[in-house]
Amino acid sequence: DAGVIQSPRHEVTEMGQEVTLRCKPISGHNSLFWYRQTMMRGLELLIYFNNNVPIDDSGMPEDRFSAKMPNASFSTLKIQPSEPRDSAVYFCASLPSNGHEQFFGPGTRLTVL
Amino acid sequence: GDSVTQMEGPVTLSEEAFLTINCTYTATGYPSLFWYVQYPGEGLQLLLKATKADDKGSNKGFEATYRKETTSFHLEKGSVQVSDSAVYFCALSDQGFQKLVFGTGTRLLVSP
Chain V
1 DAGVIQSPRH EVTEMGQEVT LRCKPISGHN SLFWYRQTMM RGLELLIYFN
51 NNVPIDDSGM PEDRFSAKMP NASFSTLKIQ PSEPRDSAVY FCASLPSNGH
101 EQFFGPGTRL TVL
Chain G
1 GDSVTQMEGP VTLSEEAFLT INCTYTATGY PSLFWYVQYP GEGLQLLLKA
51 TKADDKGSNK GFEATYRKET TSFHLEKGSV QVSDSAVYFC ALSDQGFQKL
101 VFGTGTRLLV SP
């Protein structure tokens, strides 16, 4: 299995631009998580889906952030408009229905200038 | 709410030294406990886990015992290697193993 796939791996954009991060979970996993990692705040859960349905989005910072999971094999995290304080590494992780281990992708390093 | 507290890093050790990274937790109910490791430039990987009190998780020479009486899950390794240099995260899960609550992470630096 290829593991969790995230794209792009690196993104540099200017303040005010729209940013879309993509994630393909491991086939057969039915839960998907989006995390943000910064030096100041550590690892934060933004949102997670179960069977493509958002279960908990209490970690989403503000209305500029949105996430979708149109099908079991694809999810997006969108930031519009982006701000410099959104600069971070964004991780996607997936979890099988009968498992304990979340499998993490390699992350997307976002820099907003 | 649930929370995890880890010791501040970095932890700096020489190769073959003994490692302890402290982790304590606060949770309602009976959480499962995890240690994840993050190597430079990579995502997190599960290192070991324990799902009930007194369970010992182990992997790659690392061990941690679920201590309900002290609400702790300290990570230990008898002899560290340079390749163990990474950031280690303690975490708990209290909702059907879905939502994880992470500690702040502890950076380990091992020198030859």
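In order, the protein sequence lines correspond to chains V and G.
Note that this note's numbering numbers the first sequence so that position 42 is 42, with each residue one more than the last.
Note that this note's numbering numbers the second sequence so that position 97 is 97, with each residue one more than the last.
Ideal Cβ placement from N, Cα and C applies to all residues, glycine included.
A quick note: this is a predicted structure, and the numbers were derived from the prediction, not measured.
inquiry  = Suppose the cutoff is 8 angstroms on Cβ atoms and the five residues either side in sequence are ignored; what does the same chain contact list for residue 72 of chain V look like?
reply    = Residue mapping note: residue 72 of chain V aligns to position 72 of the first sequence, counting from 1. Excluding residues within five positions, the ones whose Cβ falls inside 8 angstroms are 25, 30, 51, 52.
key: residue 80 of chain G vs residue 13 of chain G beta-carbon contact at 8 angstroms   = Looking up residue 80 of chain G in the second sequence gives position 80. Looking up residue 13 of chain G in the second sequence gives position 13. Going by C-beta atoms, residue 80 of chain G is nearer than 8 angstroms to residue 13 of chain G.
task = Report buried or exposed for residue 36 of chain V, applying the criterion of at least 16 other Cβ atoms within 10 angstroms of its Cβ.
result = Reading the first sequence from its first residue, position 36 is the one you call residue 36 of chain V. The residue in question, residue 36 of chain V, is buried, as its Cβ has 16 or more Cβ neighbours within 10 Å.
query = Mind pulling the beta strand (DSSP E) runs of 3 or more residues that sit fully within the stretch 12–39 of chain G?
reply = Residue ranges of uninterrupted beta strand (DSSP E) with 3 or more members, entirely inside the stretch 12–39 of chain G and ordered along the chain, are 19–21, 23–26, 32–38.
task = Determine the DSSP secondary structure at residue 83 of chain G, reduced to helix, strand or coil.
result = As a working note, residue 83 of chain G is residue 83 in the second sequence. If DSSP states are grouped into helix, strand and coil, residue 83 of chain G belongs with the helices.
ask   = With 8 angstroms set as the bound, which would you pick, yes or no: does the beta-carbon of residue 83 of chain V sit closer than that to a beta-carbon of chain G?
value = Along the first sequence, read from residue 1 onward, the residue named residue 83 of chain V stands at position 83. Taking a beta-carbon distance threshold of 8 angstroms, residue 83 of chain V does not count as an interface residue toward chain G.
query = Considering only C-alpha positions, which residue in the set G:8, G:69, G:78 is nearest to residue 30 of chain G?
reply = Translated into positions along the second sequence, residue 30 of chain G becomes position 30. Nearest of G:8, G:69, G:78 to residue 30 of chain G, Cα basis: G:69.
message = Can you find the residues in the same chain that come closer than 8 angstroms, C-beta to C-beta, to residue 19 of chain V, ignoring five residues on each side of it along the sequence?
response = For the purposes of this step, residue 19 of chain V is taken as residue 19 along the first sequence, with counting starting at 1. Around residue 19 of chain V: 11, 13, 78, 79, 80, 82, 86, 110, 112.
request  = Please confirm whether residue 89 of chain G and residue 38 of chain G have their CB atoms less than 8 angstroms apart.
outcome  = Counted from its first residue, the second sequence places residue 89 of chain G at position 89. Counted from its first residue, the second sequence places residue 38 of chain G at position 38. It is a contact, given that the beta carbons lie within the stated cut-off.
ask   = Quick one: which chain G residues come within Cβ less than 7 angstroms of residue 102 of chain V?
value = Translated into positions along the first sequence, residue 102 of chain V becomes position 102. What residue 102 of chain V touches in chain G: 100.
query = Is there at least one Cβ from chain V nearer than 8 angstroms to residue 5 of chain G's Cβ?
reply = Here residue 5 of chain G refers to the residue found at position 5 of the second sequence. Closer than 8 angstroms: no.
task = Please confirm whether residue 21 of chain G and residue 104 of chain G have their CB atoms less than 8 angstroms apart.
result = Locating residue 21 of chain G in the second sequence gives position 21, counting from the first residue. Locating residue 104 of chain G in the second sequence gives position 104, counting from the first residue. No.
key: Buried or exposed by the 16-neighbour rule on C-beta atoms within 10 Å, applied to residue 63 of chain V   = Residue mapping note: residue 63 of chain V aligns to position 63 of the first sequence, counting from 1. With fewer than 16 Cβ atoms within 10 Å of its Cβ, residue 63 of chain V is classed as exposed.
task = Sort out for me which residues DSSP pairs residue 112 of chain V with in a bridge.
result = Walking along the first sequence from the start, residue 112 of chain V turns up at place 112. DSSP output for residue 112 of chain V lists V:13 as bridge partner(s).
query = Using the rule of at least 16 other Cβ atoms within 10 Å of the residue's Cβ for burial, across every protein chain shown, is residue 60 of chain V buried or exposed?
reply = As a working note, residue 60 of chain V is residue 60 in the first sequence. With 16 or more neighbouring CB atoms inside 10 Å of its own CB, residue 60 of chain V falls in the buried class.
Under 8 angstroms between C-beta atoms of residue 67 of chain V and residue 4 of chain V = By 1-based counting over the first sequence, the position of residue 67 of chain V is 67. By 1-based counting over the first sequence, the position of residue 4 of chain V is 4. Cβ distance not < 8 angstroms, so residue 67 of chain V and residue 4 of chain V don't count as in contact.
ask   = What does a CB cutoff of less than 6 angstroms around residue 26 of chain G pick up in its chain, not counting 5 residues either side in sequence?
value = Stepping through the second sequence from its first residue, residue 26 of chain G is reached at position 26. Result list for residue 26 of chain G: 3, in chain order.
ask   = Looking at the unbroken beta strand (DSSP E) that takes in residue 99 of chain G, where does it start and where does it end?
value = The residue given as residue 99 of chain G occupies position 99 in the second sequence. Counting along the chain, residue 99 of chain G falls outside any beta strand (DSSP E), and DSSP gives it neither H nor E.
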